[in-house]
Ligand code: SF4
């Protein structure tokens with residue numbers, strides 16, 4: 024017997040978003056429908072933001088009913104929808120098997136950026152991260168990744184357009200490349216979300232083999248590599264997966280990616296007070312990156328309940344920045360957008376799960 028909580032929806036039919044083209048091509052042919060119907064359905068999904076097949080009024084009523092009986096569009100349900108004063112909105116989604124993931128819409132002047140998850144939990148174990156605290160549960164399917172994009176798209180006002188995608192939510196994207204790449208195809212296709220590949224960024228903790236595969240697949244997307252430390256010893260403490268992967272290997276693959284894509288690399292560095300935020304660390308980081316065409320994206324730590332780390336002081340942040348800039352490195356200090364809604368990856372999910380378990384206790 025299969026049980027579901029009220030928040031969950033048991034899926035008994037194929038999830039259309041897992042393989043839109045393949046599913047529709049076969050099904051439409053079998054039902055005597057022209058291939059142009061697939062174009063119409065795509066338009067309703069990605070442009071007109073339809074919430075179900077019944078809204079697709081170009082299709083006859085019978086066809087709409089048949090599609091609804093044959094395919095599921097939504098497999099997730101919204102557990103929480105939070106909004107911050109700065110325009111950031113965050114969704115906590117429940118999956119059919121009870122897992123939870125987060126995705127975020129960020130508004131910044133003309134940009135409308137969505138941040139999506141690729142796994143339930145994460146196996147990389149970065150010590151400062153809420154997503155990795157409970158380890159990896161599973162990879163998300165392609166459909167579950169596309170669904171996050173469509174759910175966030177539907178939060179936009181009629182005059183707003185999605186402009187950027189960042190794959191920086193819960194999970195290590197390159198550990199789920201098989202399911203991520205088809206989802207990003209849907210983001211970048213003209214008859215999908217139509218977002219240029221150069222406006223799609225994949226963030227990785229630095230897994231050399233998948234980095235090479237991403238390069239071999241055309242190096243279409245922007246790559247952001249999370250370093251978090253300027254030397255091997257400190258990195259092993261902050262990013263446990265670093266025990267098996269050296270900084271030299273990661274930088275070699277990043278350089279290869281840059282050679283193919285020609286696109287500026289981003290190196291990310293979460294600044295933890297008293298751990299990796301000294302001027303010496305900044306000098307070391309600048310020397311490590313050398314003369315690469317790169318952007319240093321420094322993110323002051325966002326406090327996570329239950330973790331001992333602290334946000335660096337304003338003066339420590341300023342000094343860190345000035346040292347990097349004095350070395351000639353392009354630096355961006357990311358704003359902690361959405362603090363009020365637990366926008367750092369994994370925080371809303373973790374807080375909700377804690378609340379649920381305290382209610383059960
Ligand atoms: S920071 Fe990213 S890679 Fe590290 S544990 Fe969190 S989700 Fe995983």
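Residue numbers (our numbering): 24 to 384. Using N, Cα and C, we set each Cβ at its ideal position, and we do this for glycine too.
Which two residues bound the contiguous alpha helix (DSSP H) that contains residue i?
i, result
"residue 49", "43 to 53"
"residue 385", "This structure cannot settle anything about residue 385, because the visible part of the chain is limited to 24 through 384."
"residue 349", "337 to 349"
"residue 239", "231 to 239"
"residue 225", "Residue 225 -> not in any alpha helix (DSSP H); beta strand (DSSP E) instead, spanning 223 to 227."
"residue 156", "First-last for residue 156: undefined, no H or E at that position."
"residue 207", "200 to 211"
"residue 310", "302 to 312"
If you run the structure through DSSP and keep just helix, strand and coil, what is residue i?
i, result
"residue 267", "coil"
"residue 327", "coil"
"residue 59", "helix"
"residue 38", "strand"
"residue 320", "strand"
"residue 278", "helix"
"residue 88", "helix"
"residue 134", "strand"
"residue 179", "coil"
"residue 125", "strand"
"residue 95", "strand"
For residue i, count neighbouring Cβ atoms within 10 angstroms of its own Cβ and tell me buried if that reaches 16, exposed if not.
i, result
"residue 386", "What is shown of the chain runs 24 to 384, which leaves residue 386 out entirely."
"residue 196", "buried"
"residue 31", "Unreliable positioning characterises residue 31 in this predicted model, as indicated by a pLDDT of 47, which lies under 50. A coordinate reading is not provided."
"residue 251", "buried"
"residue 135", "buried"
"residue 36", "exposed"
"residue 43", "buried"
"residue 113", "buried"
"residue 241", "exposed"
"residue 213", "exposed"
"residue 291", "buried"
"residue 384", "Unreliable positioning characterises residue 384 in this predicted model, as indicated by a pLDDT of 45, which lies under 50. A coordinate reading is not provided."
"residue 336", "exposed"
"residue 326", "exposed"
"residue 142", "buried"
"residue 170", "buried"
"residue 218", "buried"
"residue 287", "exposed"
"residue 133", "exposed"
"residue 59", "exposed"
"residue 167", "buried"
"residue 188", "buried"
"residue 282", "exposed"
"residue 85", "exposed"
"residue 253", "buried"
"residue 164", "buried"
From this set, the options, which residue's C-alpha is nearest residue i's C-alpha?
i, options, result
"residue 261", "201, 150, 295", "150"
"residue 117", "356, 336, 109, 99", "99"
"residue 298", "120, 340, 269, 271", "340"
"residue 87", "303, 51, 275", "51"
"residue 19", "216, 354, 82, 119", "The structure shown does not extend to residue 19, since the chain is modelled only from 24 through 384, so no value can be given for it."
"residue 56", "90, 38, 67, 313", "90"
"residue 147", "265, 119, 356", "265"
"residue 158", "166, 144, 167", "144"
"residue 275", "238, 122, 309", "238"
Compute every distance between the C-beta of residue i and the non-hydrogen atoms of the ligand SF4, then say whether any falls below 7 Å.
i, result
"residue 228", "yes"
"residue 194", "yes"
"residue 148", "yes"
"residue 351", "no"
"residue 138", "no"
"residue 154", "yes"
"residue 126", "no"
Would you please verify whether the beta carbon of residue i is less than 8 Å from any beta carbon of chain C?
i, result
"residue 253", "Protein chain content of the structure displayed is limited to a single chain, and chain C is not contained in it."
Taking the beta strand (DSSP E) that residue i belongs to, which residues open and close that run?
i, result
"residue 247", "245 to 249"
"residue 115", "112 to 117"
"residue 291", "288 to 294"
"residue 256", "First-last for residue 256: 255 to 261, but that is the alpha helix (DSSP H), not the beta strand (DSSP E)."
"residue 142", "142 to 144"
"residue 100", "100 to 106"
"residue 355", "353 to 356"
"residue 150", "Neither: residue 150 is in no beta strand (DSSP E) and is coded neither H nor E."
"residue 188", "187 to 190"
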